[in-house]
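Here the structure is laid out as structure tokens; the discussion comes afterwards.
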Amino acid sequence: MGYNYGMQGKTSQQQAIVRLREKEDELRKRESKRQKEITCKPIKSNGDYRAVSFEQGVRTLLELRVSGSAIANGTSKLDEKTIDAWLEKIGSRYVKANQPFESVLITSSDVVNSELVTDWKDLKRV
40 MGYNYGMQGK TSQQQAIVRL REKEDELRKR ESKRQKEITC KPIKSNGDYR
90 AVSFEQGVRT LLELRVSGSA IANGTSKLDE KTIDAWLEKI GSRYVKANQP
140 FESVLITSSD VVNSELVTDW KDLKRV
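Next up, the structure:
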């Protein structure tokens with residue numbers, strides 16, 4: 040925020056009000072931008088799978104899961120340590136096209152050499 044020449048000759052109270060409004064406008068702009076961003080977060084699983092959720096503000100867009108057998112399967116080449124990053128990479132390709140919320144499960148037959156071999160629309164919905 041630089042010097043505002045429009046505030047010349049204004050009282051200190053008027054200047055304080057303008058600065059406060061400018062600060063509030065900036066906060067609203069940042070919040071609006073944050074609400075538009077899509078974030079990916081690991082979520083705690085209740086079964087034999089690992090999962091991440093893609094959220095935009097308070098709205099959950101997609102829950103992407105990979106089964107425990109897919110992680111354990113040698114041909115999938117999925118690493119337990121990097122599985123969340125792999126799920127984020129896969130999900131980020133499809134999250135914008137995913138308008139209504141859905142939960143998608145990737146099984147061992149869907150992954151070979153850390154690559155998704157099954158078409159997105161053919162993956163199991165849970």
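Our numbering runs 39 ahead of the 1-based position in the sequence shown.
Ideal Cβ placement from N, Cα and C applies to all residues, glycine included.
Assignment of T78 by DSSP, reduced to helix, strand and coil, places it in the strand class. Where E127 is concerned, the enclosing alpha helix (DSSP H) starts and stops at I122 to Y133. Looking at the backbone, the Cα of I122 and that of T78 are separated by about 16 Å.
Note: S106 is bridge-paired with Y88 in the DSSP secondary-structure output. With 16 or more other CB atoms across the displayed protein chains lying within 10 angstroms of its CB, I110 is buried. As computed with DSSP, R98 is found in a beta bridge with Q95.
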